[in-house]
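*Asks:* Here it is: the structure, laid out below.
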Amino acid sequence: MRLRPWPDKTPEWTAFEAGYLVTSNGDWRSVRPVIDKERCVECGLCYLHCPDGTISRDLLVDYDFCKGCGICAKICKREAISMRREADYA
Amino acid sequence: MAVKNLDEREFFFGHKACAGCGGSLAVRIALKVLGERTVAVLPAGCMSAVGFNFPQLCFANNAFITPFAATASVMTGLEAGLRRRGEKDFIVAGFAGDGGTADIGLQALSGAMDRGDNILYICYDNEAYMNTGIQKSGLTPPGAKTSTTPHRGSRRPKKDMPAIVAANGVSYAASASVGYLDDYIKKLEKAKSVVGVKYIHVLAPCPTGWGLGSDETVEIAKEAVDVGVWELKEYENGRWTVNRKPTRPQDLERHIDRQGRFRIQSQYQEDSRNGQR
């Protein structure tokens, strides 16, 4: 499991930036979404509907936190997102 | 379209919800609309279990866990305290599940509605106590299998929570669905601008408890509105408005059948029709 760096100082409040998370969720995944940039029209539906917010506005997938649920592939009207077997990327 | 105007920052990120969780989508979108000066208030439930994992905090804004029954009371206190400290432009938003709203937290919510505090209460409705292993709640629809109604499914009607809230004379009440995020975002924006008690009831399917694939959450939430089992409506100035009419009520049976939680019921009905039970 990859560790994320701790912040330089301990936060004063409970509210500190997301991104200081120490354990990733990426190893939950059995399939991963891959965006076909040629078919994509950048409508942003996948970005909007991702429950984990792992697809950024410029449509890059954060594979450290994507759980591979497949909502993005299903919501995509252009069928630009395919869910591929994680075993092929190991 | 709503996508362009949304805050690009993620305020609910890295949480440990199940893949395809509808509740976490509802919280994520709500915080994007409400912004960083939101104090999120969460009772015991899925979203507090997956969001607060010491030493991690999956909220980028202030977030607070309350006792199960006290969501709305804690919101009242936080709102009053922040106002006393001279803070401005903040929103106290509660995210409670269906059990935390309709069963356990109803009394605290009733008190807050009576006082007319300036709070936004969001109920993400996954139709059972999903966090503790799918027990029946007051918002479980009739016929749904849960671990406390395993044989024939729930036999009580679903409480009409938006109507209960509206009957208390709140400033704004609405029902939404994670299948229609545009509508949900519009309602959040409206609630943000209204003073007084605001209540949004958002249907947030749970793939684990509903017996669905993890990729079907958004689709089933949309379908629930289209076939007419869930209404998108809002209450303002003493009047209800329905925002969307069911477009394909003929698909109701298919909508019910595809959910694993109703399957025992249909098996039971089939058996009793064949005289086996």
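Protein chains in written order, with our numbering: chain A, 19 to 108; chain B, 1398 to 1674. No residue lacks a Cβ here, since even glycine has one placed at the ideal position from N, Cα and C.
For the alpha helix (DSSP H) that contains H1652 of chain B, what are its first and last residues?
*Replies:* Along the second sequence, one-based indexing puts residue 1652 of chain B at 255. Unbroken alpha helix (DSSP H) run through H1652 of chain B: L1649 to D1654.
*Asks:* Flag G1593 of chain B as yes when its Cβ comes closer than 8 Å to any non-hydrogen atom of the ligand GDP, and as no otherwise.
*Replies:* Among the components of this structure there are no ligands whatsoever, and the ligand GDP is therefore not found.
*Asks:* Rounding to the nearest angstrom, what Cα-Cα distance links V52 of chain A and G86 of chain A in this structure?
*Replies:* Numbered from 1 along the first sequence, position 34 holds the residue referred to as residue 52 of chain A. Numbered from 1 along the first sequence, position 68 holds the residue referred to as residue 86 of chain A. Looking at the two C-alpha atoms, the distance is approximately 10 Å.
*Asks:* Which residue or residues does DSSP assign as beta-bridge partners of T1705 of chain B?
*Replies:* The structure shown does not extend to residue 1705 of chain B, since chain B is modelled only from 1398 through 1674, so no value can be given for it.
*Asks:* Does any CB atom of chain C fall closer than 9 Å to the CB of K1401 of chain B?
*Replies:* Of the chains in the structure shown, none is chain C; the protein chains are A and B.
*Asks:* Does any residue of chain A bring its CB to less than 9 Å from the CB of E1613 of chain B?
*Replies:* What you label residue 1613 of chain B is simply residue 216 of the second sequence in a count that begins at 1. For E1613 of chain B, the answer is yes, since a Cβ of chain A falls inside 9 Å of its Cβ.
*Asks:* Name the chain B residues that come within less than 7 Å of G86 of chain A, Cβ to Cβ?
*Replies:* Here residue 86 of chain A refers to the residue found at position 68 when the first sequence is read from its first residue. The answer, in chain order, is A1416.
*Asks:* Enumerate in chain order the residues of its own chain whose CB-to-CB distance from T1614 of chain B is below 6 Å, with the five nearest sequence positions on each side excluded.
*Replies:* The sequence position of residue 1614 of chain B within the second sequence is 217, counting from 1. Cβ within range, chain order: G1417, G1419, P1602 and P1604.
*Asks:* Just list the alpha helix (DSSP H) runs in the stretch 1406-1456 of chain B, keeping only unbroken ones of 4 residues or longer that don't cross its boundaries, in chain order.
*Replies:* DSSP runs (the alpha helix (DSSP H)) wholly in the stretch 1406-1456 of chain B: 1419-1431 and 1443-1448.
*Asks:* Comparing C-alpha positions only, which one of B:T1468, B:R1512, B:A1509 and B:L1475 sits nearest to G1494 of chain B?
*Replies:* On the second sequence, residue 1494 of chain B is found 97 positions in, with the first residue counted as 1. Cα-wise, what sits closest to G1494 of chain B is B:T1468.
*Asks:* Could you check what DSSP says for F1659 of chain B in three-state terms: helix, strand or coil?
*Replies:* Your numbering for residue 1659 of chain B matches position 262 in the second sequence. Three-state DSSP puts F1659 of chain B in a helix.
*Asks:* For A91 of chain A, decide whether its Cβ has a neighbour in chain B, counting only Cβ atoms nearer than 9 Å.
*Replies:* Indexing the first sequence from 1 puts residue 91 of chain A at position 73. Closer than 9 Å to some Cβ of chain B, the Cβ of A91 of chain A qualifies, so yes.
*Asks:* One question on the structure: do D1623 of chain B and T1644 of chain B come within less than 9 Å of each other, judged by their Cβ atoms?
*Replies:* Numbered from its first residue, the second sequence carries residue 1623 of chain B at position 226. Numbered from its first residue, the second sequence carries residue 1644 of chain B at position 247. Cβ atoms of D1623 of chain B and T1644 of chain B: closer than 9 Å.
*Asks:* Considering C49 of chain A, what are the terminal residues of the beta strand (DSSP E) in which it resides?
*Replies:* Looking up residue 49 of chain A in the first sequence gives position 31. Looking at the sequence shown, residue 49 of chain A is not Cys but Val. Run containing V49 of chain A: V49 to I53, per the beta strand (DSSP E) assignment.
*Asks:* For N1640 of chain B and K1630 of chain B, I'd like the C-alpha separation in whole angstroms.
*Replies:* Your numbering for residue 1640 of chain B matches position 243 in the second sequence. Your numbering for residue 1630 of chain B matches position 233 in the second sequence. Cα-Cα distance, rounded: 5 Å.
*Asks:* Classify N1671 of chain B as helix, strand or coil using the three-state DSSP reduction.
*Replies:* In the second sequence, residue 1671 of chain B corresponds to position 274, counting from 1. The answer is coil: DSSP assigns N1671 of chain B none of H, G, I, E or B.
*Asks:* Am I right that I99 of chain A and P69 of chain A are in contact with their C-beta atoms under 8 Å? What's the rounded C-beta distance?
*Replies:* By 1-based counting over the first sequence, the position of residue 99 of chain A is 81. By 1-based counting over the first sequence, the position of residue 69 of chain A is 51. Actually they are not in contact, since the Cβ atoms of I99 of chain A and P69 of chain A sit about 15 Å apart, beyond 8 Å.
*Asks:* Compare the Cα-Cα distances from E1407 of chain B to each of B:N1671, B:F1456 and B:S1445 and report the closest residue.
*Replies:* Position 10 of the second sequence, counted from the first residue, corresponds to residue 1407 of chain B. Out of B:N1671, B:F1456 and B:S1445, B:F1456 has the C-alpha closest to the C-alpha of E1407 of chain B.
*Asks:* Mind reading off the beta-carbon distance from C94 of chain A to C64 of chain A? Whole number of angstroms is fine, and I expect it under 8 Å.
*Replies:* Reading the first sequence from its first residue, position 76 is the one you call residue 94 of chain A. Reading the first sequence from its first residue, position 46 is the one you call residue 64 of chain A. With a Cβ gap of about 6 Å, C94 of chain A and C64 of chain A count as contacting.
*Asks:* Excluding five sequence neighbours on each side, which residues of the same chain lie with their C-beta closer than 6 Å to the C-beta of L1496 of chain B?
*Replies:* Against the second sequence, residue 1496 of chain B aligns to sequence position 99. The amino acid occupying residue 1496 of chain B in the given sequence is Gly; Leu does not appear at that position. Y1526 and S1534, listed in sequence order.
*Asks:* What in chain B is Cβ-close to G44 of chain A, meaning under 8 Å?
*Replies:* Your numbering for residue 44 of chain A matches position 26 in the first sequence. Going along chain B, no residue has its Cβ under 8 Å from G44 of chain A, so there is no contact; the nearest lies around 11 Å.
*Asks:* Around the C-beta of V59 of chain A, are 16 or more other C-beta atoms found within 10 angstroms, so that it is buried, or is it exposed?
*Replies:* On the first sequence, residue 59 of chain A is found 41 positions in, with the first residue counted as 1. With fewer than 16 other Cβ atoms within 10 Å, it is exposed.
*Asks:* Please classify F1451 of chain B: is it buried, with 16 or more other beta-carbons within 10 angstroms of its beta-carbon, or exposed?
*Replies:* Counting from one through the second sequence, the residue named residue 1451 of chain B turns up at place 54. Exposed, because fewer than 16 other Cβ atoms sit within 10 Å of the Cβ of F1451 of chain B.
*Asks:* Which residue wins for smallest C-alpha separation from I1426 of chain B, given the options B:K1485, B:F1461, B:I1582 and B:I1561?
*Replies:* Here residue 1426 of chain B refers to the residue found at position 29 of the second sequence. I1426 of chain B has its Cα closest to that of B:I1582, out of B:K1485, B:F1461, B:I1582 and B:I1561.
*Asks:* CA-CA distance, T1529 of chain B and A1446 of chain B?
*Replies:* The sequence position of residue 1529 of chain B within the second sequence is 132, counting from 1. The sequence position of residue 1446 of chain B within the second sequence is 49, counting from 1. Their Cα atoms are separated by approximately 10 Å.
*Asks:* Can you give the beta carbon distance from R102 of chain A to R50 of chain A, rounded, assuming they're within the 8 Å contact cut?
*Replies:* Along the first sequence, one-based indexing puts residue 102 of chain A at 84. Along the first sequence, one-based indexing puts residue 50 of chain A at 32. About 6 Å; that satisfies the 8 Å criterion.
*Asks:* Report buried or exposed for E1433 of chain B, applying the criterion of at least 16 other Cβ atoms within 10 angstroms of its Cβ.
*Replies:* Here residue 1433 of chain B corresponds to residue number 36 of the second sequence, with the count starting at 1. The residue is exposed, with fewer than 16 neighbouring Cβ atoms inside 10 Å.
*Asks:* In the structure shown, what three-state DSSP assignment does L1609 of chain B receive?
*Replies:* Counted from its first residue, the second sequence places residue 1609 of chain B at position 212. L1609 of chain B: coil per DSSP, three-state reduction.
*Asks:* Nearest-angstrom Cα distance between G1474 of chain B and K92 of chain A?
*Replies:* Here residue 1474 of chain B refers to the residue found at position 77 when the second sequence is read from its first residue. Here residue 92 of chain A refers to the residue found at position 74 when the first sequence is read from its first residue. If I take the Cα positions, the gap works out to 42 Å.
*Asks:* Is L1578 of chain B close to chain A, meaning its C-beta is less than 9 Å from at least one C-beta of that chain?
*Replies:* Looking up residue 1578 of chain B in the second sequence gives position 181. So yes, L1578 of chain B belongs to the interface.
*Asks:* W1627 of chain B and L1649 of chain B - do their beta-carbons sit closer together than 9 Å?
*Replies:* Taking the second sequence and counting its residues from 1, the one referred to as residue 1649 of chain B is at position 252. Taking the second sequence and counting its residues from 1, the one referred to as residue 1627 of chain B is at position 230. Their beta carbons are not under 9 Å apart, which means L1649 of chain B does not touch W1627 of chain B by this criterion.
*Asks:* Excluding sequence positions up to five away, which residues of its chain have a Cβ less than 7 Å from the Cβ of K1587 of chain B?
*Replies:* Position 190 of the second sequence, counting from 1, holds the residue named residue 1587 of chain B. Hits under 7 Å: Y1569.
*Asks:* Mark Q1504 of chain B as exposed unless 16 or more other C-beta atoms lie within 10 angstroms of its C-beta, in which case mark it buried.
*Replies:* Along the second sequence, one-based indexing puts residue 1504 of chain B at 107. Answer is exposed; the Cβ neighbour count stays below 16.
*Asks:* What number of angstroms, rounded off, separates the C-alpha of R1549 of chain B from the C-alpha of W1607 of chain B?
*Replies:* Along the second sequence, read from residue 1 onward, the residue named residue 1549 of chain B stands at position 152. Along the second sequence, read from residue 1 onward, the residue named residue 1607 of chain B stands at position 210. Near 15 Å, if we compare the C-alpha coordinates of W1607 of chain B and R1549 of chain B.
*Asks:* Can you tell me which of B:V1594, B:P1646 and B:V1436 puts its alpha carbon nearest to the alpha carbon of Y1518 of chain B?
*Replies:* Position 121 of the second sequence, counting from 1, holds the residue named residue 1518 of chain B. Selected option, being the one with the closest Cα: B:V1594.
*Asks:* Tell me whether G1491 of chain B sits in a helix, a strand or coil according to DSSP, three-state version.
*Replies:* Start at 1 with the first residue of the second sequence, and residue 1491 of chain B comes out as number 94. Looking at G1491 of chain B - three-state DSSP - the assignment turns out to be strand.
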